[in-house]
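Visitor: So the sequence lines, in the order shown, correspond to chains A and B. So for the first sequence, the working numbering puts the first residue at 266; every next one is plus one. So for the second sequence, the working numbering puts the first residue at 993; every next one is plus one. First, the structure itself, so that you have it in front of you.
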Amino acid sequence: MYCKLVLLLLVTLFHGSAYAESAYSISSGAKLFKKCQNCHQIGEGAKNRVGPQLNNIFGRTAGGLPGVKYSKSMVQAGEEGLVWNNETLNSFIENPKKLIVKTRMSFSGLRKEDDRKNLLLYLSEFSKDATKVKDLENFTKNKNQNVDPTILSIVGDPEYGEYLASECMTCHQSSGLDDGIPGINAWQTEDFVIAMHAYKKKQRPHPVMQMMAGRLTNEEIAALAAYFKDLN
Amino acid sequence: MKINRRIFMGNSVIAASTLAAPTVFADGHAKPRVVVIGGGAGGATAARYIAKDSKGKIDVTLVEPSRMYYTCFFSNLYLGGVKSIDDLGHSYGKIAAGGVNVVHDWAVGVDRDSKTVSLASGSSVPYDKLILSPGIDFIDGAVEGWNLSSQNAMPHAYKGGSQTELLKAQIASMPQGGTYAMVAPPNPYRCPPGPYERVSMVAHYLKSNNPTAKIIVADPKPKFSKQGLFQEGWAKHYDGMIEWISSDFGGGNVSVDPNEMTVSIDGETVKVDVCNVIPAMKAGRIAELAGVTEGNFAPVNASDMSTKANADIYVLGDASQQGDMPKSGFSANSQAKVCANAVRGSLTGSKVFPAKFSNTCWSLVHENDGIKVGATYKATAEKIAKVDGFISATNESAELRKATYEESEGWYAGITADMFG
Chain A
266 MYCKLVLLLL
276 VTLFHGSAYA
286 ESAYSISSGA
296 KLFKKCQNCH
306 QIGEGAKNRV
316 GPQLNNIFGR
326 TAGGLPGVKY
336 SKSMVQAGEE
346 GLVWNNETLN
356 SFIENPKKLI
366 VKTRMSFSGL
376 RKEDDRKNLL
386 LYLSEFSKDA
396 TKVKDLENFT
406 KNKNQNVDPT
416 ILSIVGDPEY
426 GEYLASECMT
436 CHQSSGLDDG
446 IPGINAWQTE
456 DFVIAMHAYK
466 KKQRPHPVMQ
476 MMAGRLTNEE
486 IAALAAYFKD
496 LN
Chain B
993 MKINRRIFMG
1003 NSVIAASTLA
1013 APTVFADGHA
1023 KPRVVVIGGG
1033 AGGATAARYI
1043 AKDSKGKIDV
1053 TLVEPSRMYY
1063 TCFFSNLYLG
1073 GVKSIDDLGH
1083 SYGKIAAGGV
1093 NVVHDWAVGV
1103 DRDSKTVSLA
1113 SGSSVPYDKL
1123 ILSPGIDFID
1133 GAVEGWNLSS
1143 QNAMPHAYKG
1153 GSQTELLKAQ
1163 IASMPQGGTY
1173 AMVAPPNPYR
1183 CPPGPYERVS
1193 MVAHYLKSNN
1203 PTAKIIVADP
1213 KPKFSKQGLF
1223 QEGWAKHYDG
1233 MIEWISSDFG
1243 GGNVSVDPNE
1253 MTVSIDGETV
1263 KVDVCNVIPA
1273 MKAGRIAELA
1283 GVTEGNFAPV
1293 NASDMSTKAN
1303 ADIYVLGDAS
1313 QQGDMPKSGF
1323 SANSQAKVCA
1333 NAVRGSLTGS
1343 KVFPAKFSNT
1353 CWSLVHENDG
1363 IKVGATYKAT
1373 AEKIAKVDGF
1383 ISATNESAEL
1393 RKATYEESEG
1403 WYAGITADMF
1413 G
């Protein structure tokens, strides 16, 4: 019944959209949404399931829908100001654990930019506050905000990382315990580098982390990643 | 100056090769010796990091009179009934287990020629490098009518421990509708938002236990840290309870009488029930005895926290005069790591990395209403200079304020683990 609902909506939307003929299409997005619909509903009568229903996802505060079982880190991200929009959703869908390290969403992400554009275009059809998503120029900007492979390939110096990490230890405990500030031990290098660059570019919301990451060079971020990777 | 790591690493290799040459330490002993005086946010951190990172190559002695250390940071939360005194106490057991020789004694003198520290017990401890992190002492005569012998009648509660407990007990025994007065300190002083967080937490306690009580603050300053955020919170949570008298309204013209329990502000004398006098501050006495102070504090070089007066003596935290960083536990902890790295490098030839500093001060205005201010810093030839910063905004959501408070709890757990192991 649910599938029927989606299809019905699709037909309606397809007619109304000026983007149906552009390079990105709602119908492609709808196909991609099948990956999501085990956990998420969208459209008329959509209800929260494993994940939140996605009507009006644009403009919604992360972790902010009542009655949904979110991860603590998703709720915290919302409290710290994360609001779903074109840019943040694009980043989340690309690699959910990049934006919210401990998200409950067990989805590895859509690595292809075109797929994300299509999916967001589809999602935006169910959001009142989604005018921005139709500005496809934003995606180009987004692309530049992703971490350059040459940055990801920098091999960090763990000794320098250990020194730099001492600054992190004022808040993040070396034991990895979380008493209100998460432990950051044993992170995969790439995840660590991506997260720190997301703070540096102010994609991830948190004023202290944006400030701390903001003054680190690419080499320094790589050094930290190299150190924390092996810290248990 | 922007530090380019490649240039920096190049320099450090040269430095390391010079240092790799056999170094002769005082009286020809085998291992270099570091003595740290003061086991707070600066000293405990420095001792622990040097011992941990040198892996036994350096003898580290920490001289600290107290067996239990009660943090001054978060002590306002105890006054407000949010934390217990036990939450604030920490022992030195794990530092000792980490290889630091912990000596519970008072350092009473420094002989710079023989490079020894004398202790109250009569013994002396030799050093190659001496790190002073003694915190603050109060300037005699800073508040007319108050001296250290008045601290029982009129507590400062600006060093953690018994003074904090005394102030709490006095607030708890205030008569209904009584008056708590604070004489706030002039700049520069330990923990810039501290007096105002204290006012908030005292108000929080009184609001539920003594709702008709009044709070008067006599302030020698025209403005204070996070003022807009505090005053917003005071109006929201404690409307009409707090009267802040700035220097523009005579708040700096103050005298107290500990026998009569009166405070005179700009000529007007008020009888009060509790008087919390926080006098002007200077570096802890041992810094003065070591001859490294100039005026009230000890000028230091930003790159490694060594004193301008003596290359083998370093001063951390509140006692230092370093530039732009506020005097705070976070700052002292940050400076300690830069210092530890530099001291270890100069004694063992290990790599010395460029100085990076940071600070964040969280304050609690009301239960779950947390605010914060922070900045990053770098070393320049003149001073520790601010790079970038942020501050909480007024009108933030209750959720964000709660998240900020929870983060401060995480920070407390983090920094105390970083200090004490």
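For every residue, glycine included, the Cβ atom is placed at its ideal position computed from N, Cα and C.
1) Exposed or buried, what is glutamate 1235 of chain B when buried is set at 16 or more other beta-carbons lying within 10 Å of its beta-carbon?
2) Counting only beta-carbon separations shorter than 8 Å, does isoleucine 446 of chain A have a partner in chain B?
3) Who are the Cβ neighbours of proline 1271 of chain B in its own chain at under 8 Å, not counting the five residues just before and after it?
4) Measuring alpha carbon to alpha carbon, tell me which of B:Ala1039, B:Gly1101, B:Leu1080 ends up nearest arginine 1277 of chain B.
5) Locate the alpha helix (DSSP H) running through isoleucine 449 of chain A, then write down its first and last residues.
6) Residues of chain B with CB closer than 7 Å to the CB of histidine 437 of chain A, please, in chain order.
7) Which residues of chain B have a Cβ atom closer than 7 Å to the Cβ of glutamine 468 of chain A, listed in chain order?
8) Identify, in the order they occur along the chain, each residue of the same chain with its Cβ nearer than 6 Å to the Cβ of asparagine 403 of chain A, setting aside the five sequence neighbours on each side.
9) Along the beta strand (DSSP E) that carries aspartate 1380 of chain B, what are the first and last residues, could you check?
10) Using the three-state DSSP reduction, which class does threonine 1408 of chain B fall into: helix, strand or coil?
11) Please go through the stretch 316–345 of chain A and give each complete beta strand (DSSP E) segment of 3 or more residues, from N-terminal end onward.
12) Tell me whether glycine 310 of chain A is buried or exposed, calling it buried when 16 or more other Cβ atoms sit within 10 Å of its Cβ.
13) I need the straight-line Cα distance from threonine 1261 of chain B to serine 1247 of chain B, nearest angstrom please.
14) Contact between the stretch 1291–1306 of chain B and the stretch 1140–1156 of chain B is defined here as three or more beta-carbon pairs at a separation below 8 Å; is this criterion met?
15) Since tryptophan 1236 of chain B is in the beta strand (DSSP E), which residue starts that stretch and which ends it?
16) Rounded to whole angstroms, what's the CA-CA distance from serine 1256 of chain B to serine 1165 of chain B? Just pull it up for me.
17) For aspartate 1380 of chain B, go through chain A and note every residue whose CB falls closer than 8 Å to its CB, in chain order.
18) Quick one: is asparagine 1333 of chain B buried, meaning 16 or more other Cβ sit within 10 Å of its Cβ, or exposed?
19) Between A:Leu386, A:His437, A:Glu484, A:Ser290, which lies nearest to isoleucine 322 of chain A when the distance is taken from Cα to Cα?
20) Indicate whether the contact test is met: 3 or more Cβ pairs, each with one atom in the stretch 1350–1360 of chain B and one in the stretch 1316–1326 of chain B, closer than 8 Å.
21) Verify whether the separation of the beta carbon atoms of glycine 1232 of chain B and glycine 1127 of chain B is less than 8 Å.
22) Could you check if glycine 1366 of chain B is buried or exposed, using at least 16 other CB atoms within 10 Å of its CB as the buried criterion?
23) With a 10 Å radius around its C-beta and 16 neighbouring C-beta atoms as the bar for buried, classify asparagine 1268 of chain B as buried or exposed.
24) At what residues does the alpha helix (DSSP H) containing methionine 461 of chain A begin and finish?
25) Assuming glycine 1406 of chain B and threonine 435 of chain A form a contact by the criterion Cβ under 8 Å, report the distance between their Cβ atoms to the nearest whole angstrom.
26) Does valine 1074 of chain B come out as helix, strand or coil in the three-state DSSP assignment?
27) Using DSSP bridges, identify the partner residues of valine 1344 of chain B.
28) CB-CB under 7 Å to lysine 1086 of chain B, same chain, minus the five flanking residues each way: which ones, in chain order?
29) Could you check what DSSP says for cysteine 1267 of chain B in three-state terms: helix, strand or coil?
30) Between tyrosine 428 of chain A and chain B, is there a C-beta pair that is closer than 8 Å?
31) Do three or more CB pairs link the stretch 1051–1066 of chain B to the stretch 1336–1350 of chain B at distances below 8 Å?
32) Residues of chain A with CB under 7 Å from glycine 1350 of chain B, in chain order?
33) Residues of chain A with a CB under 9 Å from the CB of lysine 1343 of chain B: which are they?
34) For serine 498 of chain A, decide whether its Cβ has a neighbour in chain B, counting only Cβ atoms nearer than 8 Å.
35) Alanine 1334 of chain B CB to nearest chain A CB: under 8 Å?
36) What did DSSP end up calling threonine 415 of chain A once you bin it into helix, strand or coil?
Guide: Looking at the coordinates:
1) exposed
2) yes
3) Phe1130, Ile1131, Ala1134, Val1135, Trp1138, His1148, Val1175, Pro1177
4) B:Gly1101
5) Per DSSP, isoleucine 449 of chain A belongs to no alpha helix (DSSP H) and is neither H nor E.
6) Gly1406
7) Those do not exist, as glutamine 468 of chain A stays about 16 Å from chain B at its closest Cβ, beyond 7 Å.
8) With a pLDDT of only 46 at asparagine 403 of chain A, under the threshold of 50, the placement of this residue in the model should not be trusted, and no figure is reported.
9) 1376–1383
10) helix
11) none
12) exposed
13) 9 Å
14) no
15) 1234–1237
16) 22 Å
17) Met476, Gly479, Arg480
18) buried
19) A:Leu386
20) yes
21) no
22) buried
23) buried
24) 454–465
25) 6 Å
26) coil
27) DSSP lists no partner for valine 1344 of chain B.
28) Phe1412, Gly1413
29) strand
30) yes
31) no
32) Looking at the sequence itself, residue 1350 of chain B is serine, so the reference to glycine does not match. The contacting residues are Glu432, Met477.
33) Glu424, Tyr425, Tyr428
34) Residue 498 of chain A cannot be examined here, being either before or after the span of chain A that is shown, 266 to 497.
35) no
36) helix
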